[in-house]
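Worksheet: one structure, shown below.
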Ligand code: PNS
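Structure below.
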């Protein structure tokens, strides 16, 4: 068994990322400092109807996170803990913006812990300047023709301009 000095900390940062926001990017940059490896994992078999196809979402993530050497983007379907086991991850990273996030996040973390105690969920508080940003609201603004360039990384904004040319 690896001793503490040689143990690698691998975390999964799961989500829909539809699309990636500045809040996600803030969490990724802080996660990249904490963990040896951070795997951003896009859930593909979601019941939510995504605005962006999977290929766009993973491409936007790769472009926006290319500066982090220990960060990769991947996809998963099925249970998150099974994916974490396949990837040899010891942690799941999630962000909490406000108390309203807490209830769902607590429920997911406790269910995941009961199913696979080896994987700890680690919560980071979102940066306060991003605490009001959510992919759901960003999608609404995009579909109503608003400008979201101050809420998303430049790589995402550039792709949005191509995909939704009517955007202000
Ligand atoms: O960005 P989101 O939509 O808040 O992410 C939710 C996500 C992907 C983390 C969650 O829905 C998930 O882990 N789904 C995978 C299925 C699963 O493992 N469900 C049991 C956990 S309660």
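Residue numbers (the numbering used here): 603 to 770.
Note that beta-carbon positions come from the ideal geometry of N, C-alpha and C, so glycine has one too.
Self-check item: Other residues of its chain near residue 631: CB distance less than 8 Å, five sequence neighbours each side excluded
Solution: The residue labelled residue 631 in the question sits at position 29 within the chain shown. Spatial neighbours of residue 631 in its own chain (CB-CB distance under 8 Å, excluding positions within 5 residues in sequence) are listed in chain order as 670.
Quiz prompt | the segment 631-640 contacting the segment 650-657, beta-carbon criterion three pairs below 8 Å | solution = Contact annotation: the segment 631-640 does not touch the segment 650-657, with fewer than three C-beta pairs closer than 8 Å.
Quiz prompt | Straight-line gap, residue 758 to residue 717 (C-alpha atoms, nearest Å) | solution = The residue given as residue 758 occupies position 156 in the chain shown. The residue given as residue 717 occupies position 115 in the chain shown. Looking at the two C-alpha atoms, the distance is approximately 35 Å.
Quiz item: Are the beta-carbon atoms of residue 727 and residue 698 separated by less than 7 Å?
Solution: In the chain shown, the residue the question calls residue 727 occupies position 125. In the chain shown, the residue the question calls residue 698 occupies position 96. Yes, they are a contact pair.
Self-check item: Same chain only: Cβ atoms within 6 Å of residue 608, ignoring 5 sequence neighbours per side
Solution: As a first step, residue 608 is located in the chain shown; it is residue number 6 there, counting from the start. The answer is none, since no qualifying residue turns up.
Exercise. When you get a sec, list the residues whose CB is within less than 6 Å of any heavy atom of ligand 1, chain order please.
Key: A Cβ closer than 6 Å to some heavy atom of ligand 1 marks a residue here, and those residues are 616, 617, 618, 645, 681, 682, 710, 713 and 714.
Quiz item: The beta strand (DSSP E) with residue 697 in it runs from where to where?
Solution: As a first step, residue 697 must be located in the chain shown, where it is residue number 95. Membership of residue 697 in the beta strand (DSSP E) is indicated by the continuous run 693-698.
Quiz item: Buried or exposed: where does residue 603 fall if 16 or more other Cβ atoms within 10 Å of its Cβ makes it buried?
Solution: Here residue 603 corresponds to residue number 1 of the chain shown, with the count starting at 1. Here residue 603 scores only 49 on pLDDT, less than 50, and its place in the model should not be relied on; the value that follows carries that caveat. Residue 603 comes out exposed.
Quiz prompt | Helix, strand or coil at residue 677 [DSSP, three-state] | solution = Along the chain shown, read from residue 1 onward, the residue named residue 677 stands at position 75. Here residue 677 sits in strand by DSSP.
Practice problem: Rounded to whole angstroms, what's the CA-CA distance from residue 733 to residue 704? Just pull it up for me. | Solution: Here residue 733 corresponds to residue number 131 of the chain shown, with the count starting at 1. Here residue 704 corresponds to residue number 102 of the chain shown, with the count starting at 1. Cα-Cα distance, rounded: 13 Å.
Self-check item: Straight-line Cα distance separating residue 730 from residue 629
Solution: As a position in the chain shown, residue 629 is number 27, starting the count at 1. As a position in the chain shown, residue 730 is number 128, starting the count at 1. Between residue 629 and residue 730, the alpha-carbon positions lie close to 12 Å from each other.
Practice problem: Provide the residue span of the alpha helix (DSSP H) that contains residue 745, from first to last. | Solution: For this step, residue 745 is matched to residue 143 along the chain shown. First-last of the alpha helix (DSSP H) with residue 745: 737-745.
Self-check item: Span of the beta strand (DSSP E) around residue 722
Solution: In the chain shown, residue 722 corresponds to position 120, counting from 1. It spans 722-727 - the beta strand (DSSP E) in which residue 722 sits, taken as one unbroken run.
Exercise. Using the Cα positions of residue 725 and residue 664, report the straight-line distance between them to the nearest angstrom.
Key: Against the chain shown, residue 725 aligns to sequence position 123. Against the chain shown, residue 664 aligns to sequence position 62. Cα-Cα distance, rounded: 23 Å.
Practice problem: Tell me whether the beta-carbon of residue 679 lies closer than 7 Å to the beta-carbon of residue 647. | Solution: Taking the first residue of the chain shown as position 1, residue 679 is located at position 77. Taking the first residue of the chain shown as position 1, residue 647 is located at position 45. Closer than 7 Å, so yes.
Quiz prompt | Start-to-end residues for the alpha helix (DSSP H) that takes in residue 645 | solution = Locating residue 645 in the chain shown gives position 43, counting from the first residue. For residue 645, no alpha helix (DSSP H) segment is defined; the enclosing uninterrupted segment is the beta strand (DSSP E) at 639-645.
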